[in-house]
Amino acid sequence: MCCESVRRSFPANLVVTGILTLAIGYMTMMICSMHDVVSVMLTLVITTVVCASIIIFSMQTKYDLTSMMGFVFIASMVIMVFGFVAIIGGIIFKIRWLYLVYSGLAALLFMVYLAIDVQMIMGGKKYSIDPEDHIFAAIQVFMDIIYIFWMLLSLIGGARSD
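To convert, count from 1 in the sequence shown and add 6; that's our numbering.
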């Protein structure tokens with residue numbers, strides 16, 4: 007994603023994207039193995055419906071969400087600091103609900119990112135992605151959806167005790 011020469015060269019971009027997809031798929035599989043089946047399937051259904059709704063909304067709306075990049079960056083920094091506090095609070099003080107609040111807010115933030123990224127792919131707004139950067143755009147949308155799934159899974163939870 008960071009190396010433009012690899013991202014735009016034909017066989018290398020597909021190979022690297024395939025490796026990234028397999029690695030993230032394996033990591034997601036390991037994360038899902040720590041939860042019970044019902045919570046994973048519920049998270050899958052919720053993620054599918056939410057992402058489909060956001061994509062349809064982003065494609066149909068006349069509002070330019072790409073012009074809100076500054077606000078989304080500030081919200082990302084706030085969520086990042088809150089995440090550090092939630093991790094420290096969970097480890098040291100055993101405050102579980104703080105991490106749940108973080109997961110919910112992070113999931114909402116990545117839903118906003120998904121809407122912005124879809125509008126950037128569609129073009130015609132303040133910011134857009136060049137059609138030659140189709141690998142970059144696909145990875146952005148893929149990562150948004152994966153992050154939404156991970157955050158919702160940690161929110162719904164249901165970690166196994168065995």
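From the three backbone atoms N, C-alpha and C, an ideal C-beta is built for every residue, glycine too. All figures in this text were calculated on a predicted structure; none of them were measured in a lab.
Along the chain, where does the alpha helix (DSSP H) that runs through residue i open and close?
i: residue 248; result: In the structure as shown, the chain starts at 7 and stops at 168, and residue 248 therefore has no counterpart that could be examined.
i: residue 133; result: Premise fails: residue 133 is in no alpha helix (DSSP H) and is neither H nor E.
i: residue 54; result: 43 to 66
i: residue 79; result: 75 to 98
i: residue 27; result: 16 to 39
i: residue 70; result: Taken as a continuous stretch (DSSP letters only), residue 70 belongs to no alpha helix (DSSP H), as it is neither H nor E.
i: residue 150; result: 140 to 162
Please confirm whether residue i and residue j have their CB atoms less than 8 Å apart.
i: residue 104; j: residue 147; result: no
i: residue 141; j: residue 135; result: no
i: residue 155; j: residue 53; result: yes
i: residue 70; j: residue 131; result: yes
i: residue 21; j: residue 64; result: no
i: residue 75; j: residue 133; result: yes
i: residue 34; j: residue 145; result: no
i: residue 157; j: residue 112; result: yes
i: residue 159; j: residue 37; result: yes
On a CA-only basis, which of the options is nearest residue i? Give me that one, please.
i: residue 31; options: 160, 108 and 153; result: 153
i: residue 72; options: 144, 140, 34 and 122; result: 122
i: residue 114; options: 82, 63, 69 and 23; result: 82
i: residue 49; options: 62, 97 and 109; result: 109
Rounded to whole angstroms, how far is the Cβ of residue i from the Cβ of residue j, which I believe are closer than 8 Å?
i: residue 107; j: residue 78; result: Wrong, their Cβ atoms sit about 19 Å apart, outside the cutoff.
i: residue 45; j: residue 162; result: 5 Å
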